[in-house]
Each structure stands twice: as structure tokens, then as C-alpha cells.
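Asker: Residue numbers (this note's numbering), protein chains in the order written: chain A, 1125 to 1414; chain B, 36 to 1523. The C-beta atom is built at its ideal place from N, Cα and C for all residues, glycine as well. Structure incoming, see below.
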């Protein structure tokens, strides 16, 4: 099996362990990842805030690269995934003769500048989406060799991964189950808690750090109260905020792919976990997982 | 004046009706139709009638017990001879035309004969399967055999089945896994063993060695791990074994003899099956013991000999078993053919396969099967220290492990296959490895190396691949990959071969592949008729369960052959379609039980069993993991237990075609699935419930028997939050409509919760309180002011849970601030949805649904669907409350009555009874029948002692016990005894008069005795059930009760019912839309009607209305209806007429009318009319506002005035820039403490009209709650979208209005934002309230009808009697009942007609029996009876004595009890009868 791959900027930066673990895990599962040749910024929150045209055109350009490869594209960063998934929906709407004026404009412009039309036929796929259902779930079930027994962990989806539901649509935005399914397949114990789809403060960490701290401290506290020993997320910004600003005694925050790597017995797992702001090794050692 | 009715034409119009839905709507329609002379088929998809109301605890706004209201209704339906109930039935299609339909009803099998079931409950007690009880919304469990609820009607059991569960479906021998697992879950091992043995006679054996394909299919595996079915089967065998033969072996009843060759599993099963059928069976076995591979193959450490022996021995019961008998040696084939009429060959595969390699027979080479057989039979074959086992199958693994136990030190097993290709099951390989066996895959033997005449080792070759790409066995070796493996012993385990040498060459049986005897896969027949083969000898891939299956198949064929029947007919195997786990099953992850094993050292020291199995406790726990995929497991415990033999597991669905003239649909509604509202955490947070679940929590028949407890910890909650509009007024979930009922049911639940537990503090979060019904506002006010229910206007967007305490935090905004508050319990007020069956019904019956999925109706024909002849009632029209449901149900009955008028009475059942024997002069001869009620009574009360006691009582001529007195044979018996012994009184001591008196009275009539010469003693509900622990006391009490009944019945006298003729004409008072609709519908049914209107013109309020909110043309409606009234020869219209005097009773009234000339006071004349029923439809009026400058400024108008302005053209409206509407003017205020119901919609309608006229016009609506209930919510949204601004104000902060020079000034405080606003409208429109019509009070006093505190007429019961009055024969409809829309007035009028037709359709009314009679001599006219009668029946006559009209008396007995002069007696409960009864209870007191 082969997928196109879109790293995005944070997976080479703050979320480098997310990127590395994703690549390693997919390699072990036998899914070949092919980097989009000449990928560019997805537009992130800046494009979205400044120009609705750019917020479609930038991810659309990357999606057109995937279309040229003829493959769905794996996008681990929740923000990139969100942008590209919405751009894909826009492209399909335009291809079907609909879409807003800006969307039509973006589709035409991208086609004109890249020389490739983007129809949205190939989609952005999130690692969580892939691992939680269908072939991915099957591959995962077969390959788990070191079950994460005893790990009580709070699944945290944040805001971007599942909303807006109509465009993202791989899980219920209010009551998501996909991370729980993956965690159970890994042998871990997901806890039920109320914070799982709340906002971590996102990029306001730069402009209003206090606000973000309020939110992350609350989330860390809720997860702890729910009996979790750690939090797991699928978004580099959430991970940074929750580990970086979560108050004095913080639970470690894993990327979902890191836990998969751990359960698959990948040797490189330690090298990713060493990069965390909250040292996860005491916890893992106490459970005899590291 | 009124013409005679047209004679009903004999046009073949059918006189029967199909009513779909057994809720309150369906029951009401059925009862009205049956009363009016139609035969009714009442079909409900549920096992009982009762519908949603049966699940309610209380009803608003009176807090009546729902079940108490419903119970009598249900009993009426069941006992009515012209209503036939069809339960668990759905209507699939409808053909034909109005008056002549044919409907197809599919009745699902109940698996319990409802004519035989007595609801004793014994079956339920033994049923091992517990499933979530849908009646309690899964908050409690019920059994697979169940009643819907304790008061079910019919009160009969049924079984829920989903199909064959996958475990059973995949078992080759069809062993009922779910059945025995369920029984083990309840600790019933013996019963479980019996279930296994129906198909698998060796539970302990097969449980140990089965390869359990069932477990791979087990649905539980999708959640965590499959149930350990095989281990449980073993447990059934081990702990449930009973040495008695399970099925008694019958006598030999057949002459034909059967020979079975081979006592392995296949042969044993075939022999046993045939023996149980009564055939003499001889079973030949070459070995000294029976059991075949089980006894002489599988090693003892896996399968102990004693287990096999005892199970095989049980199997051999009654069979002529010949051990040590070899066919072809001891007995010849020819002997067999001569002596036996059928032969079954089941000799298995006894020879080991051989390899064509060198030295394969050298000393030290042993063959696996031989070695295993020798070991199993007690020998100890010699084995060297180093052993090589050749083979990768089960025999190889067994051989290797046996070798270890025989003394080998190092055992290596070699197989040519790759690990995943090995024929042994993975667990067999794992167990071998655990014992230290080295398994080397992809190695094959080249030759055996012999040194010194003994084996020295094997030369092995590396295998490249064992199979070719097509999967055929085809070994390729690696060039040069040879190795020498030293060995003292080589065990060859490379396949098995047949030994069919006993068959002579001329036997006619063809063998294949070295002796295999194949047979037909279905019938097991060979080429010779009468000879069958089964088990491994057929050459098919084998397993113990497959062999057992083949054994059963061979036995069936042999029997068929011997009886000359076709072998194959009806035995086709249905394709396997896996049954999934039940929907919505909730699974708590739990790993499967693991059996303990012997420690390896201990295991290897001998042949003790390695797997120690589960303990009984572990087995029961493990069995509880079963998901009960089939629901009913068909374990047949219920069938065994039922003494009436009422359980029939093989029942089939039944399809019924009924011919009916019309159809009434009342399938009710469903509730929104709260699982779809993830933000509230329903289904995840244990303390978030739906309102429906909370209702069950409040109910005494609910999961907590009425105690309010939190699901998470069972604690009593203090703070309870109710969230309104969950799945209502929400376009995102497909329901932008308002569900109409939630505001009030939540208020009720809050109040009732508070009544159950005064510590509860309810808070309701709402958008608008829509208390638009009669008495609703007052109810909400009471909830708030008296009960302290807190109402907070705020939409809640999320609920958060504290994971430790499971309490729930809610954030809301009010008073300009954000609040966060914690609650113990959150209740979601889930909205109404169309019933699940809506789409199928619409498709099958050919009518349309509206955009929301409810039945489409139109405004002025509110109970008609789009298909003529098909009517709709209740919440299937759209969300509505119980009174509306009752009204629309009666309305549908009224419409049907008109459609089928010519078929009326043609299909009703009239029963003929023998003439009644006059027993007045006879001495009492009482027959007493004591019911055992199965064991319901008999297990506690000594019934025989009660019978003996009864016989000792004076006057008792006969006494006996009956198993079930209510069964048809017992009833017949009573009639016969009555005839033979000349009985003239009957007492039945059994259950309750509530359910059974009607049945027994009916039986009296059939016996030619007066039905009132009967009495019941309740020795079940009031005796055996409540005194379970005191049998002696219960028996004494039963004797007391019988003695009392006998004492009373001896004083009974025959009471006769007398016929009172009915004047088949009606009076309708009021000529508005309700009155005209009623008059026309009566006329359509052939009933002449006087329509009396006090105004000089017909039309009432309709004359001032032009458009409805839905766009209906009111004036066109008015013209149409008045035209039809004028043209109808059966309607006599009296305008400018008032009623001066009314007298009479139901069936015959007389009234004096004062008729004007239509031009004023002069020239009035009097006219006397006679009629059988009255319909009051006097309507309502508009209040003239006294506030907000009305009448002082011409800028202030009422809604009706604005409507007239709108109709008369733009005029000054066109020039306006701003218009304000003021709601609740004269409504919901002091002196008018009720909602006028129509004004919100009226305002929305006018606002939209104004916007249409001038889109730039600014429109503000000042309101308290917008009450656009039901589908009107869509118009409210359109108004907001059109730019109409709705400003809520607080009740205590009403806006102030001042007139200015250029415009009005309206000052208001917006309660949402708290801001003070000043509006400057050109026009202020007042939504003036609705008030009772002038003259209501006078009319009420004239007709002796009650009114409520607001001056509207008061019906008998606000829920179930919305068109009835306590006085019989008078009915209510339209705005005289309370404020109403046109459509509502129309259906209530139609309903009132249906109610009236219950009287008018009959030529006479039968009255009497249990009614009060006045003894004129004793009456002092003290008026006590007049005052106490709840139905205002007693009158004081001109003779100055009280008179109680039998036709009106309800038989409650209040007057008889209260009468100070004892002048009143209530029939059947007369003073001397009751005194005798009480005297019998206290004989010593009576004697003194």
C-alpha cells in the first residue's frame, strides 16, 4: 500500500517527533509514504484569517500535487489536515458545478498556475483516520507486539481535527471514538472525560498566553481527575500547548503515532520521546513499557 | 323541519374498520367505532395495547396516574366483542377503494398461544436469557419470554427471537451454544448439559476436544474476545452430569432392525437417535470399548477415560452393543445384509498413513495412531530417549506429547509445511511447544537411517515449499538441504487411512482413495439403498462435531428409508447469513476466562489431564459475557415448565387479509435519539438521562420502583437539571418543529420528582415555556411558585462531567452574566419524531408524509390522509398531547362513521344466549370453583382444603378445583355442572374482577343464568401473592374469602337490563365552524340535527378571519360550509335562537327553543324539539383590551382589526415605517390566567403579511414566550428570517406605551440583553386574549354543565374525556372548550360527533344492573344524593323525591353510601348483601 505524504511545517519543527513517528509507524505497517514533491505551506491559520481565497488556494495547490501522484495524501498535522480536507471539499463542490465564488476562483487559479486541475478526487487522510478503521485498523491489530497494558490515557482531539463535521467527517465532532479505538487496539485504556474536544487555545499562545494557560491548565487538571496518567493528541500545536503551558505538574502528552510505535515495539521510539517537554519515561518505566 | 334520513343503500359498503396502533389514540378510535356499530380490527406492532401512555408515570396537568386512567380503557378494548386485537402485527398493504378495502396484516409469531397462556409467569422465572427491557428504556432487564408490562392487555406472554445465533449456526452439529451458555450463566449446569445433549450426547468429551468453530464466529469477539464456548460445554458436562438417562429410552416399537458398525462418535449418535425412535439397534465395535477415537485415540491427558466412558455408557442405553466384534471376521457382511434392514457404516480411519521411504518398518519406527491407541487403552509402548515425530497435524502433536510422557527426553516434531500451513490447530502447536517439544517446520524425511537393526535417526530434507501456487500439496525440496537427525524412535504421523477390507468385492459399495466410503453429503446414503456411511470413513475433512452431525443425518435417512420416505426432501441447508450482535448492545470489556493448567512438571509426569477447566463460578461468570445474539436461546426451559403447554417454539408468522371499509392510523410517535446529541454526553455520562427514562424512574413499575436514584451510584440526587428542546426546534437534526409536549411533561416530571423526594431541586433550562393548553399555565405557575421549580431561560450547549463524582456542570447565561453550576442529574427533554414505521406504512398503504415524516393532512380536513378512506389520529399527525390524540381519534371515528354510514351494524357480532332461568323462588344452590392458577395459587394455598371447606358451607351444592378457571374447558365445565346440579349461584375464587369478571358473567349468561348471580373471591392477588411466606395463613384467608363470597352471592338477585329507546336526532348548540362541522357530519351519518345559533348568521369567529398561518382561505371555507349546511336536508338551522329549557336524559332530551325572526326582539316564537344527544359548540370571544391606550389612540388596534386592515388593502399600512406587536394582552394575567393559544401564531401570520406588503417595514414583537408549537415553529423561523425582531420581556416588567405626536412610544426591557429599548411604532397591535363566549354561564346552568375557573366548559377529564361531560349524552367541542385554531375546532367537532354516535347509532340503550335505585317511600328529599353525586345524576322530581335515571347512573355507589335514610340501594352491592358478606367475615360478631 502506498500513500502520498504531506509533512507540513511543524512536523519538521515543534512536532518533529510526530513526523518521525508517523513515518516509522507507517513503514512498519507496510504502508509506503511518498512525500509530495515541492509541497508548500497549507496556509495555516494566517491564510484563513486574512484571505478566504488563499485559505482555499494554498492547500488546494498541495492537493493538486497529490492528484498528480494519483494517491490520497497522509496529513498528520491537524491544522494542515483541516485546511486540505476543506479545500478538497471545495474542489469537489466546484467540480460538481457549485462552490462559492472564492472557491471557484481558487480552483481556476491553481489550475492555471500549476497547470494541473484539482478535482478533489484524492483526499487528505489523517493518520488517526487511517489507523482507526478499515485496512489500517486491521494492519495495526496484526502488528501490535507490546500491548500498552496499564496505560490509562486521555484521548484529546482538540478543535481542528474533527470540525467542521461536514467537511472533515471521519468522526463525530462531539463524541469522537476513533482515538479510543486505536488506543484499545494498542492495549491501552482510554478514559472518558469531558475535555476531549475542547480548545487548547491554539495559536493564541503567542498573542494571549494567559488565556491559553487557563485553558491548558484546566485540560490537564480534568485529564488527571479522570484518572489518566497521560494525554494523547494528534495535533502538534495541542501537544506544544498542553505540555508547555499545562501548569506545574503536567501529565506527559503523547502523539498517537508515538504510542503506536511503542506498541509495535519500534526501537526508535525512545529517540522521539526524549524530545518531550514533560519526561514520559518515569511513567512508561512504572508500567514496564520502556 | 328535518327530513327523514335517506334509507341506507345496499351498496355493499363494509361495516368494519382497521385501526392501526394500540396507544390511547388507537383505543379511542376503536372504542368509538365499536360503540357506533362497526367491527374493528385493532392492530398494534407491540405485544400489548397501551402505547406510550402505559410508560408514563403521571399525566399533566392533573398529575393523575397514567396507568389508572389507561387500565380501564385497555380492558374495555379487550372485552368489547366488536374489537378484535391483533398484537405484534403490522399492516403491510392496502388495496381497494374507500368502503371496500382489503388490508394485509402480518402478525409476528409470539411463540405463546394467547388463548392458552394464563400469565402465571412460570416461564419467565425459568428463562435464562436476560436482555435490556425496552419498556424501561434498557434501564432494567427482562427475560426473552416476557410481558410488555405487568398490566399488559392482552395479559399474555411472548418470546422475542432474532434468529439463529452464529455459534449455533456454525456448529456442524447445530449444538445450541447460546442455550447452554445462558443456562450456565444462571448456574443451571444440569439443564445446560441437557441442552447440549440434544445434539451432542457427550458434553464433557466434546467440550474438551472440539475445535470450536463457534468461537471464531462469536460476536463477542468484535468487542474483546469470543465467549469460551467449548470450555463452557465442558463445564456443562462436568458439573451438570446426571447419571440418569436424559431422554428415557422408549420401548422398541419398530420391527426393522438397524446395524451400526463402529462405536465412534458418528456411530454412537446414529445408533442412539434410531434407538430413541424405537428401533432395535445393534452396534458393532472391533475394540473392547465404545467411543472410537474419543476413547482409543485422543490421549488421556487431553481427555480422561472416565469422562468418555460415562458419557458413552449413557449413549449406549438400550442398544445391543457388541464389542470385540469385527465385521468380516466375527460377523460377515452377508449376515448383516440378511439380519438388518438398514446398515450404517461408521468405522472411522484406523490405519496410519505410510511413506514410501526406506526402512519405514524398521524397529524403532512406530505409527502414531497405533501408539496412541495402545496408550489410550492402558498400554505403555516403548519409546527411546530421542524421538523424532514426522507430521504437523493433531496426531503428530498428540504423538509427540505422548512420547514425552512415555519417557522420551528430547522430542522433535518435523513437518513439511510452513508454520501457518500446519494442519494442527494453533493451540495444539502452542501446547506442544510449552511442554518442550521442538517444532521444526519445512523439513521432510528422506530416509530412515538404521544402525544395528534399530533406528538411529532420520535423514531430513529442507523443504522449499509444500504447496504449489494453486494450493495443491506438492513438495519442493531445497537442493542440498539435507541434515541427519539422530533418533531412537521415529513416530510417523502423516495421515490416516481407512480399513474397509471387511467389505466383500461384490458388496456393491465403491471405495475410493484407499478404502474411503463416500456418501451423499446431505443424506449420508451410499450406492446401496439402506446402507449409509458417516464419520471419517466418508473421507470428508473430519472433526468430532462433524462426525456427530453426520451420525444424526444418517439416522434421519435410515428412518426415512425404513418408512419408504424420500431421503432428501426438506433437508436443504439454508445459506449461512451471520446474525450480528443485538443493536445497541452495551459491552463492558472483559477478557474471557482462562482455565488453569497443570504445571508442566506435573503434566509430564503422567497422563493426568492438563487442562483443569473452569470452576462452576468461573464458568457462570464467563457465560455472562454472552451477548444473547438470538435473544431467545431456544433452550426450551419455558416449554417444559408451562403446564398449559402454551409455548410453541416453532410458531410461524401469520399473514391475514381483512376486508375493511376504512383505516384509521394511530401508530403514535417516537422520541428523538439522544445519542445523536453528543454535546450532552448521553450514553457516556451515566447521570444524563432522557426525559422518558426519567419518567420510568418515577414510575412505580419502573426500574427503581419509583425512587429517584442516580444511575452512577444509586444516590438520591438533589439538583436535577432539565434541558429543553433536545432534538426539537433544531433544523440541524431534521426537526425544526416544536415537539409541543416537552415543556409540560418536564414540568410534570419536575413536580412529581419533588413529590417523590422533597430534597430534589429541579431546574428547567428552556427557550420558551409553551404552556398553551387548557390549565397549563396555571400548572407551570404552581410548579414554579408552590413546588419551587426553577425556570431559567437559556439554551445549553454542552454538559461536562466531573469524572470522579459523575456530577454534571452546566454553563448558562442569564441576567447578563455567565454562570457555571453543578447538577447531580441531567434530564434531556427529547423531542417527538415520526414513528419508525411511518415510511413503511406510507409506502404500504399509499398515503403521503409531510416534510418532517409525519402523515400529511390539510388544515381544514385535519384527520384525513392523502388517501381517501385512510384517516390519521394522534401524534402521527404531528407532535401532540393526549387530549388532542383522543380528539383526533374520535374525529377519525366520526369521519369513518360518515364514510361507512350504510355499512353500520352489518358486521357487528351479536351473541345469542339461551333463555334465562328464573331462580327467584329457588333455594340458593351455590357452585364454588377454586382456581389453582397453575401453581400461582396452588403453590401457596392448599386448594383441596379450600374446596373441602367450601363444601361444608351452607347453600353450597358443588365445589371443585380447576387448573385455570378462565380456560375455555373450565368455563364449559362450569356450564355443565350448573346444568347437571341445578346450580343457581356461582362463586369463582381466583384472581381479580378487574380482568376476569366480564368473562365469568358472560359464562353465566351462556349457562342460562342471570349474570348478576355471580361473585368472585380474589385468592391470588390478595392472598397467594401477598402471603407467599405463610401458606397456612393464606389457606385460612382463602377460606375466609370464599365464605364471604358465598354469603353474599346467596343474597344476590337477578338484575335485568331494560331497553330505553333512543331518539335518533341531535341538537348542536352554536353555529360556528365547530357546530357546523358537527351538524354536517351527523347529517352525513343519517342523523337529523337541529343547529341552533344565537346570532342571526352562521360562521361565528370565522367571519372575522381571512387567512390562516398556513395560508388557508378562511372565507372560502366559511362559504363552503354554510352552503352545505343550507343545502343539507337533515340539518335544521335555527338562527337568532336561544334555548329556554332542556330536560331528559341520554337517548331522549326535550328542549324549548325561542326562535327570533332574525330582526330583533319582536316576533319570537317557541318551538319544542326532541333529540337523543346534545353537542355544545358555543365558541369563544375576543377580549376588549383595557390597557395600552386601546380605544384611546387609533394607533392601537387588536390582531383581528389588523387582519381586517390587511384584507381591505394597504391603506395607511403602506405608509408606515414601524409596527409593534404586543403579546399576551389579557392573557396569562390576573383574572385571565390562561394562554389564549392562538395569538402568537396570529401575530406571526400578520407580521409576515406586513413584511410581504412592505419588506422595509420595521416590525417588533414584544412577547413573554413565543408559543408557535408544532409545525408552526417553521413560520416563526420564517418571520425571524424576514427581519421581524422578537423581543422577550419579563412578566413583571411589561412594556409601557405612550402616545406621541408623530408616533407611539413603547418602552420595554429586553430580557435577553437586559437593555432598555424605546420603540416608536406607527401602529401597535395588541394580541387580545380569548374569553368564553357571552352566554356561556347561562347555558351551562341551563344544561347543568360545569365550567372551569376561566368560564370555559369543563369536560369530564382533561386528558381522556375532552369531549364528554359528566352528564351522559352531552358533548363538547370547539372554542367553548378553550381557545383553539380552526383545525383544532374541526377535529374536536368531528370527535364529538363520534362520541354522540355511540348513543345515536343505537335504537335503544340497555340500562340497569349495577345502578342506584331510590325507594320513594324512604326518600326525604334531603338533597344529599344530589350534592354528592360526582356525575350530577340525581334530581328531585315533582313528587318531591329523588330520582336517579338508570341511563345516567355510573354505579359508583356514593349516593347509596351517603343517603341518611338508606333510601338508595346500589344493585349488586345492596345493603343486605354487603352485611352478609361482612357478617361472614366475623361470624362470631354476626352471631352475637
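What is the rounded straight-line gap between the Cα of residue 301 (chain B) and the Cα of residue 570 (chain B)?
Answerer: To locate residue 301 (chain B), count along the second chain from 1; it is residue 266. To locate residue 570 (chain B), count along the second chain from 1; it is residue 535. Cα to Cα, the separation comes out at about 5 Å.
Asker: Entirely within the segment 825-893 of chain B and at least 3 residues each: give me those beta strand (DSSP E) ranges in chain order.
Answerer: List check, beta strand (DSSP E) in window: 825-828, 834-836, 843-849, 852-858, 860-865.
Asker: Counting only Cβ-Cβ distances shorter than 9 Å, please list the residues of the segment 602-630 of chain B near chain A, keeping chain order.
Answerer: Listed in sequence order: 624.
Asker: Give me the Cα-Cα distance between residue 1179 (chain B) and residue 862 (chain B), rounded to the nearest whole angstrom.
Answerer: Position 1144 of the second chain, counted from the first residue, corresponds to residue 1179 (chain B). Position 827 of the second chain, counted from the first residue, corresponds to residue 862 (chain B). Rounded to the nearest angstrom, the two C-alpha atoms are 52 Å apart.
Asker: Determine the chain B residues that contact residue 1296 (chain A) at a beta-carbon separation under 7 Å, and present them in chain order.
Answerer: Residue mapping note: residue 1296 (chain A) aligns to position 172 of the first chain, counting from 1. Neighbours of residue 1296 (chain A) on chain B, chain order: 713.
Asker: Within its chain, find whatever has a CB closer than 7 Å to the CB of residue 1523 (chain B); leave out the 5 residues flanking it on each side and keep chain order.
Answerer: Taking the first residue of the second chain as 1, we reach residue 1523 (chain B) at position 1488. A caution first: residue 1523 (chain B) carries a pLDDT of 39, below 50, which makes its placement in the model unreliable, though a value can still be read off. The answer is none, since no qualifying residue turns up.
Asker: List the residues of chain A that residue 719 (chain B) touches, going by C-beta distances under 8 Å, in chain order.
Answerer: The count along the second chain starts at 1 and reaches residue 719 (chain B) at position 684. Within 8 Å Cβ-Cβ: 1299, 1316.
Asker: Please report whether the beta-carbon of residue 510 (chain B) lies at a distance below 8 Å from any beta-carbon of chain A.
Answerer: Within the second chain, the letter at position 475 stands for residue 510 (chain B). Chain A contact via Cβ: absent.
Asker: In terms of DSSP beta bridges, what is residue 478 (chain B) paired with?
Answerer: Counting from 1 along the second chain, the entry for residue 478 (chain B) is found at position 443. Partner(s): B:497.
Asker: Specify the secondary structure class of residue 1405 (chain A) as computed by DSSP and reduced to three states.
Answerer: Indexing the first chain from 1 puts residue 1405 (chain A) at position 281. Looking at residue 1405 (chain A) - three-state DSSP - the assignment turns out to be helix.
Asker: Just curious, the alpha helix (DSSP H) that residue 657 (chain B) is in, first and last residue?
Answerer: Taking the second chain and counting its residues from 1, the one referred to as residue 657 (chain B) is at position 622. That run of the alpha helix (DSSP H) goes 651-658.
Asker: Measuring only between beta-carbons, confirm whether residue 461 (chain B) sits less than 8 Å from chain A.
Answerer: Here residue 461 (chain B) refers to the residue found at position 426 when the second chain is read from its first residue. Not an interface residue.
Asker: Skipping 5 residues on each side, what residues in its chain have a beta carbon closer than 8 Å to that of residue 793 (chain B)?
Answerer: Position 758 of the second chain, counted from the start, is the residue given in the question as residue 793 (chain B). Excluding sequence neighbours, residue 793 (chain B) sits near nothing in its chain.
Asker: Give every residue of the same chain whose Cβ lies closer than 6 Å to the Cβ of residue 36 (chain B), excluding the five residues on either side of it in the sequence, and list them in chain order.
Answerer: Locating residue 36 (chain B) in the second chain gives position 1, counting from the first residue. Residue confidence for residue 36 (chain B) is low, a pLDDT of 46 falling below 50, so the modelled location carries little weight; the figure read from the coordinates is stated next. Closer than 6 Å at Cβ, skipping near neighbours: 1167.
Asker: Where does residue 1515 (chain B) land, buried or exposed, given buried means 16+ other C-beta within 10 angstroms?
Answerer: Stepping through the second chain from its first residue, residue 1515 (chain B) is reached at position 1480. So residue 1515 (chain B) counts as buried.
Asker: Which word fits residue 1369 (chain B), buried or exposed, when buried means at least 16 other C-beta atoms lie within 10 angstroms of its C-beta?
Answerer: Counted from its first residue, the second chain places residue 1369 (chain B) at position 1334. With fewer than 16 other Cβ atoms within 10 Å, it is exposed.
Asker: Might you give, ordered along the chain, the residues of its own chain that have their beta carbon closer than 6 Å to the beta carbon of residue 658 (chain B), omitting 5 neighbours on each side?
Answerer: Against the second chain, residue 658 (chain B) aligns to sequence position 623. Same-chain partners within the cutoff: 216, 219, 220, 267.
Asker: Confirm, please, whether the CB-CB distance from residue 781 (chain B) to residue 864 (chain B) is below 8 Å.
Answerer: Working through the second chain from its first residue, we reach residue 864 (chain B) at position 829. Working through the second chain from its first residue, we reach residue 781 (chain B) at position 746. Yes, Cβ-Cβ distance for residue 864 (chain B) and residue 781 (chain B) is below 8 Å.
Asker: Could you tell me whether the Cβ of residue 839 (chain B) comes closer than 8 Å to any Cβ of chain A?
Answerer: Taking the first residue of the second chain as 1, we reach residue 839 (chain B) at position 804. Yes, residue 839 (chain B) lies at the interface with chain A (some Cβ there is under 8 Å from its Cβ).
Asker: I need the DSSP call for residue 1523 (chain B), collapsed to helix, strand or coil.
Answerer: Translated into positions along the second chain, residue 1523 (chain B) becomes position 1488. Here residue 1523 (chain B) scores only 39 on pLDDT, less than 50, and its place in the model should not be relied on; the value that follows carries that caveat. It is coil, neither helix nor strand.
Asker: For residue 1154 (chain A), which residues in chain B fall below 8 Å Cβ to Cβ?
Answerer: Taking the first chain and counting its residues from 1, the one referred to as residue 1154 (chain A) is at position 30. Those within 8 Å of residue 1154 (chain A) in chain B number zero; the least Cβ separation is about 17 Å.
Asker: From which residue to which residue does the alpha helix (DSSP H) around residue 1172 (chain A) run?
Answerer: Position 48 of the first chain, counting from 1, holds the residue named residue 1172 (chain A). Residues 1168-1174.
Asker: Does the separation of the CB atoms of residue 665 (chain B) and residue 200 (chain B) fall below 8 Å?
Answerer: Position 630 of the second chain, counting from 1, holds the residue named residue 665 (chain B). Position 165 of the second chain, counting from 1, holds the residue named residue 200 (chain B). Going by C-beta atoms, residue 665 (chain B) is nearer than 8 Å to residue 200 (chain B).
Asker: Closer than 8 Å, CB to CB, is residue 1235 (chain A) near chain B or not?
Answerer: By 1-based counting over the first chain, the position of residue 1235 (chain A) is 111. False, the Cβ-Cβ gap to chain B never drops below 8 Å.
Asker: Measuring straight from C-alpha to C-alpha, what distance separates residue 25 (chain B) and residue 970 (chain B)?
Answerer: Nothing can be reported for residue 25 (chain B), as the shown portion of chain B is limited to 36 through 1523.
Asker: Got a sec: is the Cβ-Cβ distance from residue 836 (chain B) to anything in chain A below 8 Å?
Answerer: On the second chain, position 801 is the one that residue 836 (chain B) refers to. Answer yes: the Cβ-Cβ gap between residue 836 (chain B) and chain A drops below 8 Å somewhere.
Asker: Contact criterion: CB-CB distance below 8 Å. Does residue 1276 (chain A) meet it with respect to chain B?
Answerer: One-based indexing of the first chain puts residue 1276 (chain A) at position 152. False, the Cβ-Cβ gap to chain B never drops below 8 Å.
Asker: Can you find the residues in the same chain that come closer than 6 Å, C-beta to C-beta, to residue 1352 (chain A), ignoring five residues on each side of it along the sequence?
Answerer: Along the first chain, one-based indexing puts residue 1352 (chain A) at 228. Closer than 6 Å at the Cβ level, and outside the excluded window around residue 1352 (chain A), lie 1276, 1277, 1278, 1315.
Asker: Step through the CB atoms of chain B and report whether any lies within less than 8 Å of the CB of residue 1349 (chain A).
Answerer: To locate residue 1349 (chain A), count along the first chain from 1; it is residue 225. By this cut-off, residue 1349 (chain A) is an interface position.
Asker: Go through its chain and collect everything with a Cβ distance to residue 940 (chain B)'s Cβ below 7 Å, but skip five positions before and after it.
Answerer: For this step, residue 940 (chain B) is matched to residue 905 along the second chain. The answer, listed in chain order, is 50, 72.
Asker: Using a Cβ-Cβ cut-off of 7 Å (strictly less than) and excluding sequence neighbours within five positions of residue 1481 (chain B), which residues of its own chain qualify?
Answerer: One-based indexing of the second chain puts residue 1481 (chain B) at position 1446. Once the five neighbours on either side are set aside, the close Cβ partners of residue 1481 (chain B) are 1442, 1443, 1446.
Asker: Counting Cβ pairs, one atom from each stretch, are 3 or more of them under 8 Å apart for the segment 644-651 of chain B and the segment 204-212 of chain B?
Answerer: No: the two stretches stay apart, fewer than three of their Cβ pairs being nearer than 8 Å.
Asker: Let me make sure I understand the geometry here. Which of A:1167, A:1168, A:1232, A:1147 has the alpha-carbon closest to that of residue 1158 (chain A)?
Answerer: Counted from its first residue, the first chain places residue 1158 (chain A) at position 34. Among A:1167, A:1168, A:1232, A:1147, the Cα nearest to that of residue 1158 (chain A) belongs to A:1147.
Asker: Leaving aside the five residues before and after residue 1115 (chain B) along the sequence, list all residues of the same chain whose C-beta is less than 8 Å from its C-beta, in chain order.
Answerer: Position 1080 of the second chain, counting from 1, holds the residue named residue 1115 (chain B). Contacts found: 1156, 1159, 1160, 1163, 1166.
Asker: Who are the Cβ neighbours of residue 441 (chain B) in its own chain at under 6 Å, not counting the five residues just before and after it?
Answerer: Residue numbering aside, residue 441 (chain B) sits at position 406 when the second chain is read from its first letter. Here the set comprises 418.
Asker: Anyone know if the C-beta pair for residue 282 (chain B) and residue 313 (chain B) falls short of 8 Å?
Answerer: The count along the second chain starts at 1 and reaches residue 282 (chain B) at position 247. The count along the second chain starts at 1 and reaches residue 313 (chain B) at position 278. Contact flag unset, no.
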